[in-house]
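>
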Amino acid sequence: MAKNAIQKIAMNAAENIPYDKLMLSQKNVRRIKDGVSIEQLAEDIGRRKLIQSLNVRPVLDGEGEETGTFEVPAGGRRYLALGILIKQKRLAKNEPIPCIVNRGQETSAEEDSLAENLRRADLHPLDQFRAFKTLSDQGLDPDEIGARFFVSPATVRQRLRLASVSPKLLEFYENDEIRLEQIMAFSISDDHARQEQVWERIASSHTQEPYYIRRLLTETAVRADDRRAVYASAEAYEAAGGIILRDLFEQDSGGWFQDAALLEQLVFDRLKVDAEAIRAEGWKWVEAAISFPYGHTSGMRRIYAEAQELSAEEIERYDALKAEYDKLDADYAKAEDADEAIEAKLDQLGAELDAIDDRPQSYDPDQKAIAGVFVTLAANGKLQVDAGFVRSEDEPRTETGDVDEGEEGGADGETRSNGDDDGDGVVVNGKPVHDASGDDGEDDGIKPLPDRLVFDLTAQRTLALRNALAGDVDIAIIAALHAFALQVFYRFAPNTCLEISMKSGSFSQVDGLAETSWAKEIAERHEAWDRDLPDEAEGLWDFLLGLDEASRKALFAHCISLTLNAVVEPWNRRAKALEHADVLGRSLQFDMVDAGWTPTVEFLGRLTKARILQAVREARGADSAQLIDHMKKDIMAREAARLLEGSNWLPEPLRVEVDEGSADAGDAAAGDMAEEAALDGDAAELPAFLADDTDPSSDEPVTTDGDEPDHLQAAE
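Quick note, the sequence shown lines up with residues 3 to 718 if you use my numbering.
1. Given a cut-off of 9 Å, decide if residue 216 and residue 190 are closer than it, judged by their beta-carbon atoms.
2. Below 9 Å between beta carbons: does that hold for residue 588 and residue 480?
3. Taking one C-beta from the stretch 73-80 and one from the stretch 18-28 each time, how about it: are there three or more such pairs within less than 8 Å?
4. Secondary structure at residue 363, three-state DSSP: helix, strand or coil?
5. DSSP state of residue 500, grouped into three classes?
6. Return the chain-ordered list of same chain residues with a C-beta closer than 7 Å to the C-beta of residue 506, the five sequence neighbours on each side being excluded.
7. Can you tell me which of 452, 372, 475, 561 puts its alpha carbon nearest to the alpha carbon of residue 486?
8. Alpha carbon to alpha carbon, how far is residue 654 from residue 298? Give it in angstroms, no decimals.
9. On the DSSP letters alone, give me the boundaries of the beta strand (DSSP E) that residue 11 sits inside.
10. Using the C-alpha atoms, what's the distance from residue 517 back to residue 381?
11. Measuring CA to CA, which of 488, 159, 515 is closest to residue 543?
12. Could you name the residues that DSSP lists as bridge partners for residue 258?
13. Which stretch, first to last residue, makes up the beta strand (DSSP E) that contains residue 73?
14. Note the first and the last residue of the continuous alpha helix (DSSP H) segment covering residue 378.
15. Quick one: Cα of residue 17 to Cα of residue 58, how far?
16. Excluding the 5 residues flanking residue 389 on each side, which residues of the same chain have their C-beta closer than 6 Å to its C-beta?
17. Consider the Cβ of residue 205: report whether some Cβ of chain B lies at a distance smaller than 9 Å.
18. Name the DSSP beta bridge partners of residue 18, please?
19. Determine the DSSP secondary structure at residue 392, reduced to helix, strand or coil.
20. Going by other Cβ atoms of all chains shown within 10 Å of its Cβ, with 16 needed for buried, is residue 175 buried or exposed?
21. Among 262, 513, 161, 116, which has the Cα closest to the Cα of residue 295?
22. Could you check where the alpha helix (DSSP H) with residue 41 kicks off and where it finishes?
23. By the 10 Å Cβ neighbour count, where 16 or more other Cβ atoms means buried, how is residue 214 classified, buried or exposed?
24. Are the Cβ atoms of residue 320 and residue 312 separated by less than 9 Å?
25. From this set, 334, 387, 83, 284, which residue's C-alpha is nearest residue 373's C-alpha?
26. So, does the stretch 153-170 touch the stretch 99-118, judging by three or more C-beta pairs under 8 Å?
27. According to DSSP, what are the bridge partners of residue 617?
28. Skipping 5 residues on each side, what residues in its chain have a beta carbon closer than 6 Å to that of residue 277?
29. Return helix, strand or coil for residue 337, following the three-state DSSP convention.
30. Short of 8 Å in beta carbon distance, which residues of its chain neighbour residue 224, apart from the five on each side in sequence? Order them along the chain.
31. Opposite residue 303 in the DSSP bridges: which residues?
32. Counting Cβ pairs closer than 8 Å, one from the stretch 628-638 and one from the stretch 608-617, do we hit at least three?
33. Can we say the stretch 318-335 touches the stretch 345-358, given the rule of at least three CB pairs closer than 8 Å?
34. Determine the direct distance from the alpha carbon of residue 600 to that of residue 406, and round the result to whole angstroms.
35. Return helix, strand or coil for residue 132, following the three-state DSSP convention.
36. Could you work out which residue in 167, 275, 568 is closest to residue 132 when comparing CA atoms only?
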């Protein structure tokens, strides 16, 4: 039996048809603008000419004969782009245009138009990366490549960066074993060996997200917004041969400084120069460091700079400016309409007054000779100079009749005396007291009273004073405040008759404590009082008497607050004291959440994985804990911090103990909060890889008691 002959396909003929014989078909299926604009396409055709023919059909008359004109059902955007070039006088109206003429019309015009658009395959991103790299190798810079293909130079640089990723990883991408987002993350580093090492580490892991890849590639680097990097400057670091890793696809705040050791050396070198310059101003010592522990100034006296005295002319000018400002401000307050001119004048006067108030300040040279300066880096990378600290060993000593501890005598081997003191060293009420033993009282003149009699009399005076002080609450508070302020703000000033003392822990061993908002507020408040108090302890009593009640209470509260210690120490059993801290906290209606404490990644990283999961379970429920229970600890801590954000969760040592009734109510509220969080769909806020609603061991969605899938399931 003979086989049927295979029908051979005949291609439609190609013809060059003058543009003015062409017309746009209304049967073109493209109606919505998308992709490259017609204007950009015209520019591209003008540069490289037409590289794709138009698909046209002859227009027939009523008898089915060709009219000599052709409609364009496929290639309409190219037709319009050619029209733009003609309007710009860059192309002749009758310029022959390469066309494929469909005279057979075996398919409809709409079908041809649809086929041309649907059968077209977009270029694989990797091919685009490599093509851009080829053009770059041919000598085109990113600006020129971008101009030719109507993309931004930044986009070209991104593509070139992607093409520089390890060929091994690009092969994985080509085979769909790595996602584009992961390739973008790998491009942050130029080290192919390191890229491949990171991929080997995460290839069999549950966590392969781009942020984790970036983290691994930069784990030994320093962020550009770190205070060390800001202080040393990127320019100095790169000039010293350092490399900065940049991420062209994500906001990286300046990138990462790859060589941490080089960076710290640059910081120390610059700190040394800055410290020497400050020392040259006349200070006895300067200590410089990237940071100091909390309480590093404990036990030191602080001196402050004083503003330059105003001259009579400056005082007169200040008073005139202030009077003019006050009058203008009062008149403007009564006005009904705003007046930009008056506001500008007020701003000008205010600036002039501020300039006088903020006039240069200076330290007494004699004080600088015994004081020093701490130089460190602020959180924003600026140099922070804390000046005017006097160490105890540098304090000037006044000569008295008292013998210093461990000192047996003066240069001549004898004890120093004051006035007629015979060396016994006992002084009462400013008068030396002598030992009357062996004194028969018969010598001429009046002898000092016997020591025992003096003791008896002053004991009576003490009790009488106690009784009187108990009857005057205001003076009692001032006396206690005086004793506390002496110990807080002055050294070597035990001139109080109250035998009360205070202790204040520094907790310098706690990293980062000085950077907390609480430490900064305490330091600012302490410095403000330190500036206001008299320089010498002898003037403190009169100063306290002159304070108004509100200020006195504020100073009292500040001094008392510094004695509070609720630290749990394994070697120091203070159960009752810690119970009192809870009582005090409840009285203050104090809560660490309200105070601003949040569970950070650093804090969670110090816990065991079981503790991290327990925290998430307490705050968000068991389903949320299940989301992260398979992760490595560092990733678990990061995701737990995000899950705990806004949950008001606190670790046990930061919780204030409550009575049984309140505890039951609190537990119920916590349970309700976790339940509501689950019902409200907190998982919707999770990253895509955590919000997967399928069970890794099943092909079907996992459902709870209801009909809807449970969205808080473990990630695959």
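Virtual Cβ for every residue (Gly too), placed ideally from N, Cα, C. As the structure is a prediction and not an experimental result, all values here were calculated from the model.
By the coordinates alone:
1. yes
2. no
3. yes
4. strand
5. coil
6. 564, 565
7. 561
8. 29 Å
9. Where residue 11 is concerned, there is no enclosing beta strand (DSSP E), given that its DSSP letter is neither H nor E.
10. 8 Å
11. 488
12. 225, 247
13. 68-76
14. No alpha helix (DSSP H) contains residue 378, which is instead part of the beta strand (DSSP E) from 374-379.
15. 10 Å
16. 375
17. Although the question refers to chain B, the structure presented lacks it and comprises just one protein chain.
18. 100
19. strand
20. buried
21. 513
22. 40-50
23. buried
24. yes
25. 284
26. no
27. Its beta-bridge partners do not exist; DSSP assigns none.
28. 288, 290, 377
29. coil
30. 230, 231, 258, 259, 262, 265
31. 392
32. yes
33. yes
34. The predicted model places residue 406 with a pLDDT of 42, which falls under 50 and marks its position as unreliable; any figure quoted below should be read in that light. So the alpha carbons of these two residues sit roughly 50 Å apart.
35. helix
36. 167
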